[in-house]
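Each residue of the sequence shown is one higher than the last, beginning at 5 in the working numbering. Notes to accompany the following structure.
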Amino acid sequence: MKEILIQYAVDIAASLVVVLLGIIGAWLSKILAKRMELKNINAAKSEVISAAEQTVLDLKQTMVDDLKAAAKDGKLSKEEVAALGVKLLSITTSKLSASTIKLLEAAKVDITALIQSTAEAYIVLIHGAK
């Protein structure tokens, strides 16, 4: 009788260990998946930032310098700044991969705000370097 009870206890303990290992494995998988998701989101944000900075430089070379040269005071008008802002968003968005856009939208990242804030900061950086 004692041997049967010991056998049942061993079987129960083994089952509990297997279940516990399964739970720990699922928990670790969830943590690793979250880390990978965050890593992918950061990589997507970096792609947007890089594209926005490149677009600022492109617009500066192709449009801004000419518009400033044509203006009497050497400055852009509010309308020109607004038009450049629209063009910045359009060009930068077209440079992004579909997977980047989908990932950031799923993560509820405001891509437009990210592009605008990156461009504004980069323009300040460019002007500060002069």
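The beta carbon of each residue, even a glycine, is placed where N, CA and C say it ideally should be.
The three-state reading of DSSP puts M67 in helix, counting H, G and I together. By the CB criterion at 8 Å, I119 and T104 fall outside the cutoff. The shortest C-alpha to C-alpha distance from A86 to any of W31, Q11 and E124 is the one to E124. Less than 8 Å divides the Cβ of E84 from the Cβ of L71. Per DSSP, reduced to three states, the secondary structure at V23 is helical.
A48 is a Cβ neighbour of L108, given a cutoff of 8 Å. A Cβ-Cβ distance of about 6 Å is found for the pair V52 and I115, placing them in contact under the 8 Å criterion. Bounds of the alpha helix (DSSP H) holding S94 are K82 to K99. For K79, there is no enclosing alpha helix (DSSP H), as DSSP marks it with neither H nor E. Cα atoms of L93 and M40: separation of roughly 28 Å, rounded to the nearest angstrom. If you draw a straight line from the Cα of K112 to the Cα of V14, it is about 50 Å long.
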